[in-house]
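For reference, the structure is listed below as structure tokens.
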Amino acid sequence: MALVGGWFDRRDELLECLRQGPESVLPANPATVTPPSRWQLATIGQAAPWLQTYTVSGVWRVLQRYKLRFGSPLGAAQVQQYSPDPDYAVKEAHLLDCLRQAATQADTTVLLFLDEMGYYRWPKTTPVWWDDTGSAAPVADRQQSKQQQWRLIGVLNALTGAVDYLDGYGVGRAKVIAMYQTIAQRYAWAERIYVVQDNWSIHRHPDVMTALQSLPSLEPVWLPTYAPWLNPIEKLWRWLRQHVLHIHQLAHDWLQLQHRVHAFLEQFADGSGQLLRYVGLAGNGKLASAIRLT
């Protein structure tokens, strides 16, 4: 009976923690941290002291055991990705060589991954925890405001995890050029700055290429066509969506939502080992292995 009582005690403790919202796991000074917009398995693992030694998969099993709903009963289909670029191998090899140069010549060489993303005022739906014993599931409110979009362009330092970004209503030639100028100022000490980017037509627009000629330290590194897995900043955007944008409750306050996005990105302004691990630039992956000195 004691074991059964303990089962219910822990379930009730976890349920109470989850009802308090993900802000309950923030540190003592939450003003310096961007609060998550929803529960995720990693944050649920911090909700109760006895859960903090569990892996993410272990947390999932605990939720299933306690019959606490997380996510959707529908499974997501797997997607097989490939690049149709006939020069894929050559471009990938060049990228890896540039990464090695940045790692071995860090006093003169920088490598940055560049990309753009957009987000909307209306929250996106996604699997989320809720108490299904009577309360309603979280609502992605799209009735109290008009839909709006905002755009970002950013760069991620492959060695330090430092992030720089610009944003605005749109990202076109002028914003890309402004990003290049920001890069040149931030890394004015560098003799060579590799800027890894995809093949979006704006990146190769004559105005943009002309602007690059006035910034001789910058050298574009073109990714293979349709190969987002070679651009780790894409995973930063994924983290931003998961942490801030999915099921957010700020559709009524567009400026506050933008502030949350800014705060999330600015926590990486001076670099982050955690971010490098998250995006695959630290560890045993192909890109990380090219950086790691032997």
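If you use the UniProt record's numbering, the sequence shown corresponds to residues 1 to 294, in order.
Every residue gets a Cβ at the ideal spot worked out from N, C-alpha and C, and that includes glycine.
All values derive from a computational prediction rather than experimental measurement.
DSSP places V56 inside the alpha helix (DSSP H), whose first and last residues are V56 to R65.
With 16 or more other Cβ atoms from the protein chains shown falling within 10 Å of its own Cβ, T109 counts as buried.
Under a 10 Å Cβ-count criterion, G170 is classified as exposed, with fewer than 16 other Cβ atoms of the shown protein chains found around its own Cβ.
Counting other Cβ atoms within 10 Å of its Cβ, R204 stays below 16 and is therefore classed as exposed. Here the alpha carbon of Y66 sits roughly 15 Å from the alpha carbon of A47. When secondary structure is reduced to three states using DSSP, W150 falls in the strand class. For T109, the pairing in a beta bridge is given by DSSP as R192. Using a Cβ distance threshold of 9 Å, L41 and V56 count as a contacting pair. Annotated as distal: L99 and L114, with beta-carbon spacing of 9 Å or more. Per DSSP, the unbroken alpha helix (DSSP H) holding G273 starts and ends at G273 to V279. Taking C-beta atoms as the reference points, I233 and V155 count as a pair closer than 9 Å.
Within the same chain, and ignoring the five residues on either side of S217 in sequence, the residues whose Cβ sits closer than 7 Å to its Cβ are A184, A190, E191, R192 and I193. Between V196 and L276, the gap from beta carbon to beta carbon reaches 9 Å or more. Residue pairing from DSSP places E219 in a beta bridge opposite Y194.
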